[in-house]
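**Student:**
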Amino acid sequence: MGDEEGVSVAIAHAILDALRDQGVDVDATLASAGIAPADLEDLDGLISVAREEALWHEAIRRGGEDIGLHAARSLQRGRFRGLEFAVRSAPSLRDGFAVLVRFDTLLHGREIFSVEADDDGGLRLVYQSPHEEDPHRRVMSQFAMLGTLELARSATGVPLVPRGVELRQPTARNAPELGRAFGVQVTLGAERDAIEFGPEQLALPMLDADRELASTLERYLEREVEGRQRDDRLEGRVRREIGRQLTAGGVSLEAVSEHLEISPRALQRRLADQDTSYQELLDETRREVAEQLLRQDGVSIAGAAYLLGYSEVSAFHRAFKRWTGLTPGRFRRVSSRSA
């Protein structure tokens, strides 16, 4: 389960696919980003925004500024699972974009795409980055924009060249590569990230168009969105309160329940209905806080264990190795080398 803005693990796999193509050690990349391989095993699973950004940072460091473009061009068919198949089974490209905009929260836990209609029947697909404060936002935006175009090209079987591409980044060291990837000169320093298509392009039929399948998949996606929203309302609140109490020096089921104004028994039952538990959320939050603490030179391993509520350092060692496959000391050394 993810935190309040869970990110589809498909994005992480797309990044790793591109790194593998370049011969980059993906296991070392994951370790430096604080992600265990087990975190990515559920192809419908989620990771936190913080971990996605950490992975992007490592990918850029190891794979270069063009890694977002490489990841978009190396996307495997079906990587985005139900949402992608719903887009592909839509009658036309215009309908496919409507599906993408409707269910984009399954990608990033929030709305990231919107459409603006042109007078001639064309449209602009506008991307709202969920990484506004990140110094590498431009690379992530390039991935999202080109990934969408590559999906449109694959789904229609047509080497589409958009009417225009706008990126907010003021300059680009890889401007020639951007032009080759999108097939058109990219406007930099724009007010928004957007890609524009003409009416004749939007009318193109999808190769896998199937109205009955599209309808079935959309009903499935509706249930996924509803379930995600329900989970976030409770799970996100529990996670935030656990994190707050951990950093304040202590956490307990009773204290979390009291803050949420629900009995401990009822809280456990509702979390069980969502295929998780208080202990699971506590462990996951402890792990994230532990990794943050171990990246700080001024915090000893014993100090981190104490702050996380472990009475013995050995218990913290065992828990951390179970979470990450590394001892706290090994994790700290790997993190310091990649800093």
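In this text, residue positions in the sequence shown follow our numbering: the first is 1025, and each later residue adds one. Just so it is clear, CB atoms sit at the ideal spot from N, CA and C, and this is done for glycine as well.
1) Counting only beta-carbon separations shorter than 8 Å, does L1070 have a partner in chain C?
2) Would you call T1240 buried or exposed, if buried means 16 or more other Cβ atoms sit within 10 Å of its Cβ?
3) Considering A1078, what are the terminal residues of the alpha helix (DSSP H) in which it resides?
4) With DSSP as the reference, label R1356 as helix, strand or coil.
5) Is it the case that the Cβ atoms of L1332 and V1358 are separated by a distance below 8 Å?
6) Can you tell me whether DSSP reads R1310 as helix, strand or coil?
7) Which of the three DSSP states is assigned to Y1151 in this structure?
8) Grab me the residues of S1032's own chain with a C-beta within less than 6 Å of its C-beta, minus the 5 sequence neighbours each way, in chain order.
9) With respect to the beta strand (DSSP E) encompassing A1140, which residues constitute its N-terminal and C-terminal limits?
10) Once the 5 residues before and after L1237 are set aside, which same chain residues still bring their CB inside 7 Å of it?
11) Between the C-alpha atoms of Q1253 and G1069, what's the straight-line distance to the nearest angstrom?
12) So, is E1082 buried or exposed, given that buried needs 16 or more other C-beta atoms within 10 angstroms?
13) Are L1107 and F1127 touching if we call contact CB-CB under 8 Å?
14) Need the endpoints of the alpha helix (DSSP H) that E1220 sits in, please.
15) Please work out which residues of its chain come closer than 7 Å, Cβ to Cβ, to R1294, disregarding the five sequence neighbours upstream and downstream, and give them in chain order.
16) Looking at the secondary structure, which residues open and close the beta strand (DSSP E) in which G1333 lies?
17) In the DSSP assignment, what residue or residues form a beta bridge with L1070?
18) Mapping the DSSP letters down to three states, classify S1276 as helix, strand or coil.
19) As an exercise, report each continuous alpha helix (DSSP H) stretch of at least 4 residues that is fully enclosed by the stretch 1104-1140, in chain order.
20) Rounded to a whole number of angstroms, what is the C-alpha to C-alpha distance between G1203 and R1192?
21) Please list, in chain order, all residues of the same chain as N1198 whose beta carbon is under 6 Å from its beta carbon, the five residues on each side excluded.
22) Can you tell me whether DSSP reads G1188 as helix, strand or coil?
23) At the level of alpha carbons, what is the spacing between G1026 and G1133?
24) Taking the alpha-carbon positions, what's the H1037 to L1064 distance?
25) Please report the Cβ distance between V1189 and T1172, rounded to the nearest whole angstrom; I am assuming they are in contact, meaning their Cβ atoms lie under 8 Å.
26) At the level of alpha carbons, what is the spacing between G1251 and G1145?
27) Given A1074, which residues of its chain have a CB within under 7 Å of its CB, disregarding the five upstream and five downstream residues?
28) Measure the C-alpha to C-alpha separation of G1260 and P1200 and round it to an integer number of angstroms.
29) Where do the N-terminal and C-terminal ends of the alpha helix (DSSP H) with A1196 fall, by residue?
**Tutor:** So, to answer that:
1) Among the chains of the structure shown, chain C does not appear; only one protein chain is present.
2) exposed
3) V1073 to G1087
4) It is helical.
5) no
6) It is helical.
7) Residue state, collapsed to three classes: strand.
8) Only residues of its own chain outside the window of five on either side were considered, and among them L1131 have a CB closer than 6 Å to the CB of S1032, listed in chain order.
9) Just to set this straight, residue 1140 is Glu in the shown sequence, not Ala. Counting along the chain, the beta strand (DSSP E) containing E1140 begins and ends at F1137 to A1141.
10) S1113
11) Approximately 15 Å between the Cα atoms of the pair.
12) buried
13) yes
14) Premise fails: E1220 lies in the beta strand (DSSP E), D1217 to F1221, not in any alpha helix (DSSP H).
15) L1258
16) Taken as a continuous stretch (DSSP letters only), G1333 belongs to no beta strand (DSSP E), as it is neither H nor E.
17) S1032
18) coil
19) 1105-1112, 1117-1126 and 1129-1132
20) Those two C-alpha atoms are separated by around 15 Å.
21) E1089 and D1090
22) strand
23) At G1026 the pLDDT is 38, less than 50, meaning the model places this residue with poor confidence; the figure from the coordinates comes in the next sentence. Taking the straight line from one Cα to the other gives about 9 Å.
24) 8 Å
25) Wrong, their Cβ atoms sit about 11 Å apart, outside the cutoff.
26) 35 Å
27) none
28) Their backbone Cα atoms lie some 42 Å apart in a straight line.
29) Secondary structure note for A1196: it is in no alpha helix (DSSP H), with a DSSP letter that is neither H nor E.
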